[in-house]
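A.B. asks: So that we are looking at the same thing, I have put the structure below in structure tokens.
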Amino acid sequence: MKIRKQSHSEMLFNWTAAFILLILGIMTLYPFYYLLVYSLNEPLDAMRGGLYLWPRKFSFVNYRMVWATNDIAGAAFISLCRTVIGTVMSLLTTSMLAYVLSRPHLIFRRFFNRLFVVTMYVSGGLIPYYLTLSALGFLDTFWVYIIPGLIGIYNMILIRTYIQELPSSLWESAEVDGAKEYTIFFRIIFPLCTPVLAVVSIFTAVGQWNSWFDAAVFNRNSPKLWPLQLILMNMLKRTSVATSRDVPLPKDVLVTLTPESMRASITMIVTIPIILVYPFFQRYFTQGIMLGAIKG
Amino acid sequence: MSILPINSNIQAVKNKKKSLLQKIITQKHLLIMLAPCLIWVILFCYTPLWGWYLAFVRYRPGFPISSAPWVGLDNFKRFLFQSLDFGRVIRNTICVNILTLIISMPLEISLAIVIYELRFKVYKRIIQTISYLPYFISWVIVGGIFFQFLSMEGVVNNVLISLGITKEPIMFLGMPSMAWPILIFTRIWKNLGWSTIIYLGAMGSIDPNLYEAAYVDGATRMKRIWHVTLPGLAPTVSVLLILAAGGLISGSFEQVYVFQNPANMEFADTIDTMVYRMGLQQANFSYATAVGIFNTFCSLVLIVFVNTIIKRINGRSLF
């Protein structure tokens with residue numbers, strides 16, 4: 051396809067395609083941008099509608115009030131902790147399991163593999179899971195975010211496949227040197243898996259940052275342990291049908307606030323970290339689906 | 455140096471003759487690494503399965519499980535035959551899934567073709583990167599965004615009013631008839647960019663000779679797309695369709711839960727959200743567990759079914 055003449059129709063095609071993609075870009079970004087505009091506008095003025103591209107009455111009052119009336123800093127800290135601790139621990143355990151299950155001479159290897167993979171398709175369901183975690187004493191603890199979801203079976207399969215493709219000479223030389231299995235894993239295999247581990251850890255981290263359901267179910271009674279996403283979720287639910295205007299405004303706040311503006315500001319607070327981090331990691335994001343494709 | 459591999463071969467032969475106990479001893483380090491994972495999977499994946507017992511008794515929270523009377527399949531019968539829930543949640547789950555698939559697939563394919571054919575490389579990369587973004591944000595955030603977008607004073611109503619399509623602002627989120635369109639649209643919005651990746655991958659593996667041959671034969675770009683690209687995508691499309699069939703009754707809990715409210719419940723209630731509401735909010739543990747088991751069972755049947763089909767077509771199974 052080296053020879054290419056730029057005929058009229060070719061030009062037309064290219065520009066049409068470029069235009070379609072422009073619309074796609076706008077459709078993706080504008081909702082975020084609109085929310086930013088809304089959250090930066092004075093709340094009562096925003097209720098009048100007609101905001102499109104720029105705040106009419108610029109104001110930070112929403113953010114200040116959201117910050118004052120909710121424990122945003124605390125929730126952000128919880129979100130951050132669960133993302134960091136959850137990702138690191140999950141990565142170590144999942145890859146350790148992947149390593150063990152990849153070793154060809156492991157006793158009952160097929161059985162162990164099945165034992166883990168089956169859990170992707172069969173689960174007890176929500177209620178039995180809740181009762182189990184309750185019996186194990188995980189309710190109203192921070193660790194319910196980390197331990198029950200410690201091992202991602204799908205991620206384990208990705209890492210296992212990657213390890214199996216490494217040359218077996220790595221093991222031979224290490225065993226000759228008398229290295230123990232965990233030394234081989236931590237010193238040799240773990241560092242060699244960096245590409246797949248990067249992808250897995252990013253998806254795990256995104257999942258941790260985004261989750262709220264575990265907090266809503268298992269830490270219902272411990273608001274101190276709620277992540278940002280749950281604070282936002284509660285706000286969405288509280289003003290669920292609040293598209294109508296007769297929703298009472300919070301009385302304890304001196305400045306007139308609207309649930310809509312509060313909601314918009316919290317949404318922005320939760321979104322911004324992802325948008326800031328996203329450009330640096332996006333190449334790993336896209337590698338992820340390719341790894342998945344190889345497996346499928 | 456050449457002696458060492460032979461040595462390890464001898465070692466391997468010896469390994470085979472060892473008894474199980476000896477094997478365990480030689481593998482003790484591996485097994486020590488495996489142990490915590492085994493404990494984890496037993497505690498968090500297999501222990502909950504005992505809870506299925508709940509579905510066959512009438513359990514009330516606060517009373518010991520052992521004292522709950524055995525009711526056999528009553529909870530299942532209540533869900534399947536006596537309640538209005540069954541038809542409603544199944545209808546919502548399946549219809550939203552199918553409609554989303556029918557609308558999104560052609561969009562995704564055309565978009566992937568547009569991206570593939572466009573020559574402005576840098577511009578293309580930037581738009582692609584942007585379009586993947588919604589895939590990585592949570593449904594809660596999508597909810598926050600669209601609640602605002604579709605609210606009474608939001609952009610959509612503003613535009614509709616200024617175009618004269620409607621006089622009064624429409625309360626999208628509180629209308630039962632808008633529940634499906636909102637669910638379908640937001641799901642497409644969130645996944646559109648991301649799902650082009652798989653088609654782009656498939657297009658990348660189409661034999662370039664085919665394009666050259668078509669070019670030499672004087673086919674226009676449209677003709678090349680129609681006769682080379684689209685047929686080249688057919689295998690991918692068929693696999694994706696079959697996979698979608700496997701997920702036919704799996705609802706996306708978070709999405710539906712975010713967008714459902716008392717006003718649109720009739721059309722925005724799926725199996726998962728019902729289990730959550732019945733079980734944890736109304737403490738109807740036995741009934742919710744029965745519904746959960748029914749759901750797991752159906753999904754399993756669908757997956758096995760789909761896997762068999764793929765085996766027939768591809769000669770190898772997915773799992």
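Those protein sequence lines, which keep their order, are chains A and B. In this text, residue positions in the first sequence follow this note's numbering: the first is 51, and each later residue adds one. In this text, residue positions in the second sequence follow this note's numbering: the first is 455, and each later residue adds one. Don't be surprised by glycine CBs; every beta carbon is placed ideally from N, CA and C.
1) Just grab the DSSP bridge partners of Trp524(B) for me.
2) Distance check for Leu85(A) and Ser261(A), CA to CA, integer angstroms please.
3) Which whole-angstrom value is the C-beta distance of Leu646(B) and Ser558(B), which I expect to be below 8 angstroms?
4) If we require 4 or more residues per run, which alpha helix (DSSP H) segments fall completely within the region 233 to 269 of chain A?
5) Quick one: measure Cβ to Cβ for Met285(A) and Asn112(A), integer angstroms, because I've assumed they're closer than 8 angstroms.
6) Could you check what DSSP says for Asn91(A) in three-state terms: helix, strand or coil?
7) Write down the C-beta distance between Thr727(B) and Tyr711(B) rounded to the nearest angstrom, noting that I regard them as a contact closer than 8 angstroms.
8) Quick one: give me the first and last residue of the alpha helix (DSSP H) that Tyr730(B) is part of.
9) What would DSSP say about Phe639(B), mapped onto helix, strand or coil?
10) Does the distance from the CB of Ala699(B) to the CB of Val760(B) come in under 8 angstroms?
11) Which residues of the region 740 to 771 of chain B have a Cβ closer than 8 angstroms to any Cβ of chain A? Give them in chain order.
12) Excluding the 5 residues flanking Leu614(B) on each side, which residues of the same chain have their C-beta closer than 6 angstroms to its C-beta?
13) Hey, is Ala126(A)'s beta-carbon within less than 8 angstroms of any beta-carbon in chain B?
14) Are the Cβ atoms of Trp648(B) and Tyr577(B) separated by less than 8 angstroms?
15) What residues of chain B sit near Met283(A), judged by a beta carbon separation below 7 angstroms?
16) Taking 8 angstroms as the CB-CB limit, is Asn91(A) close to chain B?
17) Check each residue of the region 156 to 168 of chain A: if its Cβ is closer than 8 angstroms to any Cβ of chain B, include it; give the result in chain order.
18) Would the beta-carbon of Asp723(B) fall within 8 angstroms of that of Asn529(B)?
19) Between Lys287(A) and Gly124(A), which are expected to be in contact by the criterion C-beta below 8 angstroms, what is the C-beta distance as a whole number of angstroms?
20) Since Thr683(B) is in the alpha helix (DSSP H), which residue starts that stretch and which ends it?
21) Counting only C-beta atoms, is Ser78(A) closer than 8 angstroms to chain B at any point?
22) Output the boundary residues of the alpha helix (DSSP H) element that contains Tyr586(B).
23) So if DSSP puts Phe108(A) in a beta bridge, which residue, or which two residues, is it bridged to?
24) Kindly confirm or deny that the region 95 to 102 of chain A and the region 243 to 254 of chain A touch, where touching means at least three C-beta pairs closer than 8 angstroms.
25) Applying the criterion that 16 or more other CB atoms from any shown protein chain within 10 Å of the CB defines a buried residue, is Trp65(A) buried or exposed?
26) Which residue comes first and which comes last in the alpha helix (DSSP H) that contains Thr133(A)?
27) Give the secondary structure of Tyr741(B) by DSSP, where H, G and I count as helix, E and B as strand, and everything else as coil.
28) Suppose you measure from the CA of Gly628(B) to the CA of Ser109(A); what does that come to, to the nearest Å?
29) Would you mind working out which of Ile636(B), Pro685(B), Pro635(B), Lys644(B) sits nearest Ser659(B), comparing C-alpha positions?
30) By DSSP, does Asp661(B) sit in helix, in strand, or in coil?
31) Can you confirm whether the region 484 to 491 of chain B touches the region 179 to 198 of chain A when touching is taken to mean that 3 or more C-beta pairs between the two stretches lie within less than 8 angstroms?
32) Quick check: the Cα distance between Val729(B) and Leu604(B), rounded to an integer number of angstroms?
33) Near Tyr149(A), what residues of its chain come up, given a Cβ to Cβ distance below 7 angstroms and the 5 sequence neighbours on each side ignored?
34) Mind checking if Tyr195(A) is an interface residue toward chain B, Cβ cutoff 8 angstroms exclusive?
35) DSSP state of Met97(A), grouped into three classes?
36) Using the Cα positions of Leu697(B) and Asp227(A), report the straight-line distance between them to the nearest angstrom.
C.D. replies: Well, looking at it:
1) Within the DSSP bridge table, the entry for Trp524(B) names Val511(B) as partners.
2) Roughly 21 angstroms separates the two Cα atoms.
3) Going by Cβ atoms, the distance from Leu646(B) to Ser558(B) rounds to 7 angstroms, so yes, they are a contact pair.
4) If you keep only unbroken alpha helix (DSSP H) runs of at least 4 residues inside the region 233 to 269 of chain A, you get 244 to 260, 263 to 268.
5) That pair is no contact at about 12 angstroms.
6) In the structure shown, Asn91(A) sits in a strand (DSSP, three-state: E or B).
7) Contact between Thr727(B) and Tyr711(B) holds, since their C-beta atoms are separated by about 5 angstroms, short of 8 angstroms.
8) Note, Tyr730(B): alpha helix (DSSP H), 725 to 730.
9) Of the three classes helix, strand and coil, the one that applies to Phe639(B) here is helix, per DSSP.
10) The criterion of a C-beta distance shorter than 8 angstroms is satisfied by Ala699(B) and Val760(B).
11) For the region 740 to 771 of chain B, the beta-carbon criterion of a distance under 8 angstroms to any beta-carbon of chain A is satisfied by Ala742, Thr743, Gly746, Ile747, Asn749, Thr750, Ser753, Leu754, Ile757.
12) Same-chain partners within the cutoff: Thr620.
13) Cβ-Cβ to chain B under 8 angstroms: no for Ala126(A).
14) Going by C-beta atoms, Trp648(B) is not nearer than 8 angstroms to Tyr577(B).
15) Within chain B, the residues near Met283(A) are Val594.
16) Any Cβ of chain B closer than 8 angstroms to the Cβ of Asn91(A) would place that residue at the interface, and such an atom is absent.
17) Answer in chain order: Leu156, Ile157, Phe162, Leu165, Phe166, Val167.
18) Going by C-beta atoms, Asp723(B) is not nearer than 8 angstroms to Asn529(B).
19) Actually they do not touch by this definition, with Cβ atoms about 20 angstroms apart.
20) DSSP places Thr683(B) in no alpha helix (DSSP H); its state is neither H nor E.
21) It is Thr, not Ser, that sits at residue 78(A) in the sequence shown. Yes - at least one Cβ of chain B is within 8 angstroms of the one on Thr78(A).
22) Residues 575 to 586.
23) According to DSSP, Phe108(A) bridges with Asn91(A).
24) Too few Cβ pairs lie closer than 8 angstroms, so no.
25) The residue in question, Trp65(A), is exposed, as its Cβ has fewer than 16 Cβ neighbours within 10 Å.
26) First-last of the alpha helix (DSSP H) with Thr133(A): 122 to 152.
27) Tyr741(B) sits in a helix when the DSSP states are folded into three classes.
28) Rounded to the nearest angstrom, the gap between the Cα atoms of Gly628(B) and Ser109(A) is 30 angstroms.
29) Pro685(B) is the residue among Ile636(B), Pro685(B), Pro635(B), Lys644(B) whose C-alpha sits nearest the C-alpha of Ser659(B).
30) Coil.
31) Judged by Cβ distances under 8 angstroms, the region 179 to 198 of chain A makes no contact with the region 484 to 491 of chain B, as fewer than three pairs qualify.
32) Between Val729(B) and Leu604(B), the C-alpha separation is close to 28 angstroms.
33) Excluding residues within five positions, the ones whose Cβ falls inside 7 angstroms are Ile213, Phe235, Ile239.
34) For Tyr195(A), the answer is no, since every Cβ of chain B falls outside 8 angstroms of its Cβ.
35) Coil at Met97(A), not helix or strand.
36) Roughly 47 angstroms between the two C-alpha positions.
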